[in-house]
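In order, the protein sequence lines correspond to chains A and B.
Using the numbering used here, the first residue of the first sequence is number 1, and each one after it goes up by one.
Using the numbering used here, the first residue of the second sequence is number 1001, and each one after it goes up by one.
Cβ atoms here follow ideal geometry from the backbone N, Cα and C, with glycine treated the same way.
One structure is given here, and the rest of the page talks about it.
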Amino acid sequence: METAAKSRFVVSGAPHARGGDSTREIMLDVIIALLPAAVMAAFYFGFDAALLMVIGGASALLFEILWNLAVKKPAVPGDLSAVVTGLLLAFNLPPNAPFWLPIVGSLFAIVVVKQLFGGLGQNFLNPALAGRAFLMASYPAIMTDYLAVMPNQFEGITSATPLQYIKANPDAQILSSDLLTAFIGQKYGVLGETCAVALLLGGLYLILRRVVNWRVPFFYLATVAALSYALGRAGSPVYDLLTGGVMLGAFFMATDFATSPVTPAGKVIFGVGCGALTMIIRTFSGAYPEGVSYSILLMNLTVPLIDRWTRPKTFGKGKAA
Amino acid sequence: MLFVRTFKNGVHPSDQKKATMKKPIRIILPEKGSEVVYPMQQHLGAPAKPVVASGDRVLLGQRIAEMGGRVSSPIHASVSGVVSAIEPRLTPTGLVSQSVIIENDGLMLEDKSLATREDWRSLSREEIIDIVRDAGVVGLGGAGFPTHIKMSPPDYTKIDCFIVNAAECEPYLTSDYRVLIEETDRLLEGVEVMLGVFPNAEAVIAIETNKMEAVNRLSALVKRNPRVDVVPLYTKYPQGAEKQLINAVTGRVVPKGGLPADVGVVVNNADTVIAVHRSVVRGRPLMRRIVTVSGGAVMNKGNYKVRIGMPISGLIEATGGFREEPAKVLCGGPMMGFAMYDLDAPIIKTSSAIVALTEREARLPEQSGCIRCGKCVEHCPMGLMPLELNKFAIAADYGKFEEYDGSSCIECGCCTYICPAKRHLAQSIKTAKRLARSR
Chain A
1 METAAKSRFV
11 VSGAPHARGG
21 DSTREIMLDV
31 IIALLPAAVM
41 AAFYFGFDAA
51 LLMVIGGASA
61 LLFEILWNLA
71 VKKPAVPGDL
81 SAVVTGLLLA
91 FNLPPNAPFW
101 LPIVGSLFAI
111 VVVKQLFGGL
121 GQNFLNPALA
131 GRAFLMASYP
141 AIMTDYLAVM
151 PNQFEGITSA
161 TPLQYIKANP
171 DAQILSSDLL
181 TAFIGQKYGV
191 LGETCAVALL
201 LGGLYLILRR
211 VVNWRVPFFY
221 LATVAALSYA
231 LGRAGSPVYD
241 LLTGGVMLGA
251 FFMATDFATS
261 PVTPAGKVIF
271 GVGCGALTMI
281 IRTFSGAYPE
291 GVSYSILLMN
301 LTVPLIDRWT
311 RPKTFGKGKA
321 A
Chain B
1001 MLFVRTFKNG
1011 VHPSDQKKAT
1021 MKKPIRIILP
1031 EKGSEVVYPM
1041 QQHLGAPAKP
1051 VVASGDRVLL
1061 GQRIAEMGGR
1071 VSSPIHASVS
1081 GVVSAIEPRL
1091 TPTGLVSQSV
1101 IIENDGLMLE
1111 DKSLATREDW
1121 RSLSREEIID
1131 IVRDAGVVGL
1141 GGAGFPTHIK
1151 MSPPDYTKID
1161 CFIVNAAECE
1171 PYLTSDYRVL
1181 IEETDRLLEG
1191 VEVMLGVFPN
1201 AEAVIAIETN
1211 KMEAVNRLSA
1221 LVKRNPRVDV
1231 VPLYTKYPQG
1241 AEKQLINAVT
1251 GRVVPKGGLP
1261 ADVGVVVNNA
1271 DTVIAVHRSV
1281 VRGRPLMRRI
1291 VTVSGGAVMN
1301 KGNYKVRIGM
1311 PISGLIEATG
1321 GFREEPAKVL
1331 CGGPMMGFAM
1341 YDLDAPIIKT
1351 SSAIVALTER
1361 EARLPEQSGC
1371 IRCGKCVEHC
1381 PMGLMPLELN
1391 KFAIAADYGK
1401 FEEYDGSSCI
1411 ECGCCTYICP
1421 AKRHLAQSIK
1431 TAKRLARSR
């Protein structure tokens, strides 16, 4: 309408107010929530581990900027999602990984998994986990060298990660002291996953800030606990919750917006599916003691279907008019 | 004591009511010699048809336009003067509507048909509905649905609940609150009129808990009346949306595509009940309404009793003008109000507020890509998936849009409000609804 050009005031459609957090604030909250686990990783595994995390976040941001330049978008992204991806990828590396490893992983995660599929919100796989899977397939020896760095102040089994140990010794006695060390993170593993209590705190922060919905982590953890109990696994069910990548996966990986369902019922199904696949891989796979990443990646693929099947009921629908 | 009720989902925008809540209603009259503008379309339904001609002398309260169809409403002069023109004018909702323009002679000479009815209690149900219809009463909350249609459901004996909507969940607005505080007696008498029309109904006055003074005051007054109850509602937007309100108060669910009467309920806004009272008891047609004038750019924020047809520029001037040039001026509140091109449009029956926002208040963030956080789904009071509807709207896929119940959207704006990517969800869904309908 021609009046628009002559209008004295700004004219736009309602609503004229905006509230809630921005994408940037949400991503900042995720970074804040990851800090306790990052600090504990540095404490247990030393300076090189800290450097790996910094390189992971920085290289992911750099690749996002380079991509933006290549496709002629504003160079510096308005959100911090690339930093979150890079940091999460570094969390999945063994503590002695070479410094080029997070860079290669970030390149794959940001360019191939995220940007080639349309960027933030459009990727169908979790970029950090797909990056990890890529590194796992390309550099299996480096990626599974969990035992190279002994955690600070560690006293315990030095021949295996907790999950490797109970895979080899299904009838092992898990003592309450083992549960405690698993809870505070004195155990072998990739650098971001070991300190369960730090991840739990970060996860609760995200739920209280309403950044992530409680459904996915709750049903993920509940399913892991229930199946651990049902399958009669060593130290069940607490040991399964505190070891491996379950805490990291349930709170930070499975809750990735782009690759998890948006519907309330969908989140429940997704959480249960992740938990069930994790426990199936942990218990029944021949070689893998751990199944968090692959179970989440597999569930990522089901998200469009889950969302379609779990559409919320429109208010008033199905009532006789 | 009172059990606070609510509906599912919704958002919590800053209510911005403090600035005008305590401001008593002040009467404002159009200046002598000024233009008063009556668009023929200021209600839902067919536009009214002028029954006066250019040059005619008209009196205050005289009917100047008749109903243009079954769902329509007549319009009355709110001043006395001379019809200076009948021509298309812009309404505050951005619509161009044929309008009767009266030059106000400032004398306020009343039409002799205006007379108080001492005997209103002996009127029949049909007579009351006819009076309300002929007085041009429509829903003053915003939609402008003709009130006499609401009063005539297929089977009026099945209406067991009459709700006075005083939720006033839109930020900035306090006009209904002032009505509750200042016109309490007339409101309760209006409720009595409505209960006469619905003999099997009980009345519920529904008020959000951010207006406890009104809750307490009315609760005390209706304590001994078995047919009237006051229900406090949790302060949440859109608590006053008809379907959400009915669900909160009665637990009933209005079917998709249905009306409140389908579940035995009739809802009227508080100021509408006052208009019903004025038409039936005082014999006066709808000629004025309460308007909240607020926003950072306004000099004197407050609540004003304004003649329908008074140009908004005149209203702003009469209240003391602007503190600074506003960047955006809304007719209505920030969640569902209309942004206006200029101030030439008049106050119409549905204009609950004029909110003039400063540059800072009007500034909106840029939109970015959807991150699929699902907050729009989580907060939609209608249980829709705004992110999907937005996709279908952009792709002009109206088949999918309908499959996902796009037409059930009540346009409350919660999705746009809450979206972290600041996407224009409600705006595109609204547009798609109209395009899908006109296909």
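Just to confirm my understanding: we take residue i, look at its own chain, exclude 5 residues before and 5 after, and list those with CB closer than 7 Å. What are they?
| i | result |
| --- | --- |
| A1421(B) | Q1367, S1368, G1369, C1370, I1371 |
| P15(A) | none |
| D256(A) | N126 |
| V1058(B) | V1052, I1064, A1077, S1080, G1081, V1083, I1102 |
| L1195(B) | F1162, A1201, A1203, R1227 |
| G1320(B) | M1299, N1300 |
| P1285(B) | G1061, H1076, A1135, G1136, S1279 |
So for residue i, helix, strand or coil by DSSP?
| i | result |
| --- | --- |
| M1(A) | In this predicted model, M1(A) has a pLDDT of only 42, less than 50, meaning its place in the structure is not dependable; the value taken from the coordinates is given anyway. Coil at M1(A), not helix or strand. |
| R210(A) | coil |
| C1415(B) | helix |
| K317(A) | coil |
| G1141(B) | coil |
| F1003(B) | coil |
| I65(A) | helix |
| F284(A) | helix |
| P1039(B) | strand |
| N1216(B) | helix |
| N1390(B) | helix |
| R1284(B) | coil |
| V1253(B) | coil |
| F1322(B) | strand |
| N123(A) | coil |
Starting from the Cα of residue i, find the closest Cα among the options and give me that residue.
| i | options | result |
| --- | --- | --- |
| F1401(B) | S1152(B), R1439(B), E1168(B), P1092(B) | R1439(B) |
| T1444(B) | G1196(B), K1112(B), E1170(B) | Since the first and last residues shown for chain B are 1001 and 1439, residue 1444(B) lies out of range. |
| D1056(B) | R1252(B), I1086(B), S1124(B) | I1086(B) |
| M219(A) | A230(A), P102(A), A250(A), Y229(A) | As written in the sequence, residue 219(A) is Phe, which differs from the Met given in the question. Nearest option by C-alpha distance: A250(A). |
| I174(A) | G57(A), D240(A), M40(A), W100(A) | D240(A) |
| V30(A) | K167(A), A276(A), M253(A) | M253(A) |
| V246(A) | I32(A), P162(A), G57(A) | P162(A) |
| K1022(B) | I1181(B), V1058(B), E1066(B), D1105(B) | I1181(B) |
| A82(A) | A60(A), L51(A), L69(A), L116(A) | A60(A) |
| S1144(B) | K1349(B), C1380(B), M1310(B), E1126(B) | The residue asked about is misnamed: residue 1144(B) is Gly in this sequence, not Ser. Closest by alpha carbon: K1349(B). |
| R1186(B) | V1377(B), G1332(B), I1312(B), D1271(B) | D1271(B) |
| V211(A) | F108(A), V262(A), G118(A) | V262(A) |
| V104(A) | A90(A), L116(A), N96(A) | A90(A) |
| A41(A) | T144(A), Q153(A), L298(A) | Q153(A) |
| I166(A) | A225(A), K187(A), L101(A), A234(A) | A234(A) |
| Y1304(B) | L1029(B), K1008(B), D1397(B), R1005(B) | L1029(B) |
Would you kindly report the start and end of the unbroken alpha helix (DSSP H) that includes residue i?
| i | result |
| --- | --- |
| L301(A) | 292-309 |
| V1051(B) | Segment: none, V1051(B) is in no alpha helix (DSSP H) and carries neither H nor E. |
| N1200(B) | Unbroken run through N1200(B): none, as it is neither H nor E. |
| I32(A) | 23-45 |
| N1247(B) | 1242-1250 |
Tell me which residue opens and which closes the beta strand (DSSP E) that residue i is part of.
| i | result |
| --- | --- |
| C1161(B) | 1161-1166 |
| D1229(B) | 1228-1233 |
| Q164(A) | That residue, Q164(A), is in no beta strand (DSSP E); its alpha helix (DSSP H) goes 162-168. |
| P1088(B) | 1081-1090 |
Here's a check: name, in chain order, each residue in its chain whose Cβ is nearer than 6 Å to the Cβ of residue i, leaving out the five neighbours to either side.
| i | result |
| --- | --- |
| N328(A) | Within the shown structure, residues of chain A are numbered from 1 to 321, placing residue 328(A) beyond reach of any answer. |
| A4(A) | Note that A4(A) has pLDDT 48, beneath the 50 cutoff, so the model's placement of it is unreliable and the number below is only indicative. The answer is none, since no qualifying residue turns up. |
| K1018(B) | none |
For residue i, which residues of its own chain have a beta-carbon under 8 Å away from its beta-carbon, when the five flanking residues on both sides are left out?
| i | result |
| --- | --- |
| Q1427(B) | T1416 |
| I1316(B) | V1293, V1298, F1322, L1343, I1354, A1356 |
| I65(A) | A75, V76, P77 |
| G156(A) | D178, T181, Q186, K187 |
What do you reckon, is the C-beta of residue i under 7 Å from a heavy atom of the ligand COA?
| i | result |
| --- | --- |
| R1026(B) | Although the ligand COA was asked about, the structure shown includes no ligands whatsoever. |
Interface residues of the segment 130-151 of chain A facing chain B [CB-CB below 8 Å]: From the segment 130-151 of chain A, no residue has a Cβ closer than 8 Å to chain B.
Taking only beta carbons into account, state which residues of the segment 1386-1405 of chain B come closer than 9 Å to chain A, listed in chain order. Those would be L1387, E1388, Y1404, D1405, in chain order.
If the cut-off is 8 Å on Cβ atoms, which residues from the segment 14-33 of chain A count as contacting chain B, listed in chain order? Against chain B - using a Cβ distance shorter than 8 Å - the residues of the segment 14-33 of chain A are A14, P15, H16, A17, R18, G19, G20, D21, S22, T23, E25, I26.
Interfacial residues, the segment 1324-1345 of chain B to chain A, with Cβ spacing under 9 Å: For the segment 1324-1345 of chain B, which is checked against every Cβ of chain A, the residues closer than 9 Å are E1325, P1326, A1327, K1328, V1329, L1330, G1332, G1333, P1334, M1335, M1336, G1337, F1338, A1339, M1340, Y1341, D1342, L1343.
Counting only Cβ-Cβ distances shorter than 7 Å, please list the residues of the segment 296-319 of chain A near chain B, keeping chain order. Going along the segment 296-319 of chain A in chain order, one finds R311, P312, K313, T314, F315, G316, K317, K319 with a Cβ nearer than 7 Å to chain B.
Which of the residues in the segment 94-124 of chain A, read from start to end, lie with their CB under 7 Å from any CB of chain B? Under the 7 Å Cβ criterion, the segment 94-124 of chain A contributes G119, L120, G121.
If you measure beta-carbon to beta-carbon, which residues of the segment 248-260 of chain A are closer than 7 Å to chain B? Here the close residues are F257, A258.
Using a Cβ-Cβ cut-off of less than 9 Å, give me the residues of the segment 1221-1245 of chain B that come near chain A, in sequence order. If the cut-off is 9 Å between Cβ atoms, the segment 1221-1245 of chain B has K1243, Q1244 near chain A.
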